[in-house]
Structure formats: structure tokens, C-alpha cells
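Q: Questions regarding the structure given below will be posed in turn.
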Amino acid sequence: DIQMTQSPSFLSASVGDRVTINCKASQNINKYLNWYQQKLGEAPKRLIYNTNNLQTGIPSRFSGSGSGTDYTLTISSLQPEDFATYFCLQHNSFPNTFGAGTKLELK
Amino acid sequence: QVQLQQSGTELVKPASSVKISCKASGYTFTSNYMHWIRQQPGNGLEWIGWIYPGNGNTKYNQKFDGKATLTADKSSSTAYMQLSSLTSEDSAVYFCARSRQLDYWGQGVMVTVSS
């Protein structure tokens, strides 16, 4: 199975900050990497698909980049509603595997 | 709009089985994969498998082979997952998610296994 190492596990930031979250795959996943936002008790919401494609309806402050084994989610200017948990998913190789998540907290 | 409505919280006894559902609306149920995912505190998210409702084909994560059985009812646009021989280690939130891209997710079902 492909291992997805996500960092950091916790991130403390302020409204207006620029933040980055990283996922490193144990092997090349050919950009088949999605990013999700999850709030307590809610369905996860897909933000980015296939590395850098913004889901319809998601604000443009969210962006994704990467290739090979290294991928990044960037939030350019944090808004109050962005404090949540974020995780990545690789869907290049069977079985799909997830990062462990990053909890983004208000400083 | 795409919606996946999952069934309610389950409290079940060890060694029993449970069947949870995921009712789809807003798209063609038979033309999209339905994935199932487990989320446990401390263990993160694990992909269980998928079913293609159009022909009933399934694929499972080897870890869940024999534990999870995926089915789908085309007439009601509902996907099901049965979990068998439950132990406390199966206590988790279980999600369904649509398509190869896992683009839309249900709200999750909390399953607690306890005597």
C-alpha cells in the first residue's frame, strides 16, 4: 500500500495568514491526489482534485500543487470558516490511502 | 444537487452484524462508483472498498475482505455495507463517497460495538 505522510498534524494560525499543508507519498502517485476539509460531525468536502483542480464552489484562496511524491495544499488568506481538519487522498494505486490529517486551529 | 444520505447511529453487540445504508440522489446512481471509508480516532481514514451499482461489481481493500460486504439496490438508489463478526475494533464512523474521485461524501454513520 502507498503510505501518505501528512504534515503538520496540527497547525495554529490567525485569520489572514497563509498556510501550507503537505502530503508525501511513499511512491509516485501521478498527481492523483485530492484534498478535503472536514468539520466536526459533517461530511468531508472535496476542495482540490488531481493535485491542482479547484472543486466547483470552493473559494480561490485554496490551491494545490505538486507532482511525483510531494503535494501541497495552500490557503492564501485564512478565513474564520477555514478552521477545520484537512486530509489528502491518493487514488492512483489500489487501495486508496489517506493522509492522517492536519487540524488547523485558531491561534 | 448530489446528496448521499446515510442511515443513523448504530449500537450493536460484539459478534453481531450491522447493515448501514447510503441513499443517493441528484445524479445517476448506476453510473458512478460508491466507495466506503472508515474513520477511527487515532487510526485516521481507511478505504474499505467500492461497488459499481450498474453491474454490482465490487473491489475490497484486502484488510476488509470478509469483514465488509457491499451491495446496491438500483430501484431505490441505495448502497449498503454489511459489517460482520463485529468487535470493539470495528467501532468507527463509516462514510460513503461517490465516484472514482470520491467527490461527494455522506455525513457518516457512527457504529459502536459494545456489550
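From first to last, the protein sequence lines stand for chains A and B. Under the working numbering, the first residue of the first sequence is numbered 1, with each subsequent residue one higher. Under the working numbering, the first residue of the second sequence is numbered 1001, with each subsequent residue one higher. Ideal Cβ positions, reconstructed from N, Cα and C, are used throughout, including at glycine. All values reported here derive from a predicted model rather than from experimental measurement.
1. Shorter than 8 Å from the beta carbon of B:TRP1117 to some beta carbon of chain A?
2. Which value, in whole angstroms, describes the spacing of the CA atoms of B:SER1021 and A:SER77?
3. When you compare only the Cα positions, how much space is there between B:LEU1045 and A:MET4?
4. Rounded to whole angstroms, what is the Cα-Cα separation between B:TYR1033 and B:ILE1051?
5. Could you name the residues of the segment 89-103 of chain A whose beta carbon sits closer than 8 Å to any beta carbon of chain B, in the order they occur along the chain?
6. Provide the residue(s) that pair with A:ARG46 in DSSP beta bridges, ordered along the chain.
7. Are the CB atoms of B:GLN1003 and B:SER1025 nearer to each other than 8 Å?
8. For the segment 25-39 of chain A, which residues have a beta carbon sitting closer than 7 Å to at least one beta carbon of chain B?
9. Do three or more CB pairs link the segment 7-14 of chain A to the segment 55-67 of chain A at distances below 8 Å?
10. Could you tell me the distance, in whole angstroms, from the CA atom of A:GLY101 to the CA atom of A:TYR36?
11. So is A:PHE87 in contact with chain B if we call contact Cβ pairs under 8 Å?
12. Could you please tell me which residues of the segment 1055-1081 of chain B, in chain order, have their CB closer than 7 Å to any CB of chain A?
13. Starting from the beta carbon of B:GLY1108, find every residue of chain A whose beta carbon is closer than 9 Å, and list them in chain order.
14. So with CB distances below 8 Å, who are the chain B contacts of A:ILE49?
15. Which residues of chain A have a Cβ atom closer than 9 Å to the Cβ of B:GLY1154, listed in chain order?
A: According to the structure data:
1. Nothing can be reported for residue 1117 of chain B, as the shown portion of chain B is limited to 1001 through 1115.
2. 38 Å
3. 11 Å
4. 6 Å
5. LEU89, HIS91, PHE94, PRO95, ASN96, THR97, PHE98, GLY99, ALA100, GLY101
6. A:TYR36
7. yes
8. ASN34
9. no
10. 9 Å
11. yes
12. ASN1061
13. GLY41, GLU42, ALA43, PRO44
14. The question names Ile, but residue 49 of chain A is Tyr in the sequence shown. Simply GLN1101, ASP1103.
15. Residue 1154 of chain B falls outside the range modelled here, since chain B spans only 1001 to 1115, and no answer is possible.
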